[in-house]
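In our numbering, the protein residues as written are 25 to 180. Down below is the structure, laid out as structure tokens.
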Ligand code: NI
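In structure tokens:
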């Protein structure tokens with residue numbers, strides 16, 4: 025496993041659309057393992073492959089202390105609404121209040137290619153939405169709640 029470099033700020037790759045994963049091979053497994061290690065080191069709760077420079081529809085989420093591997097993920101259900109501060113490993117030292125669904129259900133493949141369903145509320149719903157947005161080149165700064173602005177933080 026290896027730590028990969030996280031792309032930040034106005035790196036143009038962050039605005040690109042990621043491609044579906046078709047090959048469930050060693051290269052994918054290495055990417056998944058490296059992303060987990062990179063996420064753990066960065067002390068984040070979610071990471072999309074594009075953030076380490078790979079335009080593949082792959083996301084890792086820290087889900088209650090275990091890492092979910094979400095391959096070709098899609099939101100199948102979204103309910104309610106929440107507003108909360110959000111930050112991103114690719115936009116260091118910044119945060120902003122976004123509007124997101126309160127609860128979402130995500131369908132994704134695991135590394136064996138099997139489709140699984142995951143549900144998340146509050147923070148996990150925000151995390152799923154945030155990470156899946158990365159796959160389409162969307163950042164949380166595009167989802168700011170009405171009247172909200174990005175603000176500077178010290179720790180993110
Ligand atoms: Ni992010």
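For every residue, glycine included, the Cβ atom is placed at its ideal position computed from N, Cα and C.
- Of all alpha-carbon atoms in 143, 107 and 137, the one lying nearest the alpha-carbon of residue 48 is that of 137.
- In the DSSP assignment, residue 133 is bridged to 95 and 139.
- Assigned with DSSP and collapsed to three states, residue 66 falls in helix.
- Annotation: residue 31 is outside any beta strand (DSSP E) and is labelled neither H nor E by DSSP.
- Residue range 147-158 is occupied by the alpha helix (DSSP H) that includes residue 149.
- In this chain, the beta strand (DSSP E) harbouring residue 121 covers 118-124.
- For residue 92, the CB contacts under 6 Å within the same chain, skipping 5 residues up- and downstream, are 85 in chain order.
- Residue 102 has 128 as its beta-bridge partners, per DSSP.
- Contact check between the stretch 25-35 and the stretch 101-109: fewer than three CB pairs, one atom from each, fall below 8 Å, which does not count as touching.
- By the criterion of a C-beta distance shorter than 8 Å, residue 59 is surrounded in its chain by 28, 71, 73, 76, 82 and 84, once the five residues flanking it on both sides are discounted.
- Collapsing the DSSP output to three states places residue 49 in coil.
- Burial check for residue 144: the Cβ neighbour count within 10 Å reaches 16 or more, so the residue is buried.
- By a beta-carbon distance limit of 8 Å, residue 160 contacts residue 41. Their separation comes to about 5 Å.
- Here DSSP, grouped into helix, strand and coil, assigns residue 80 to strand.
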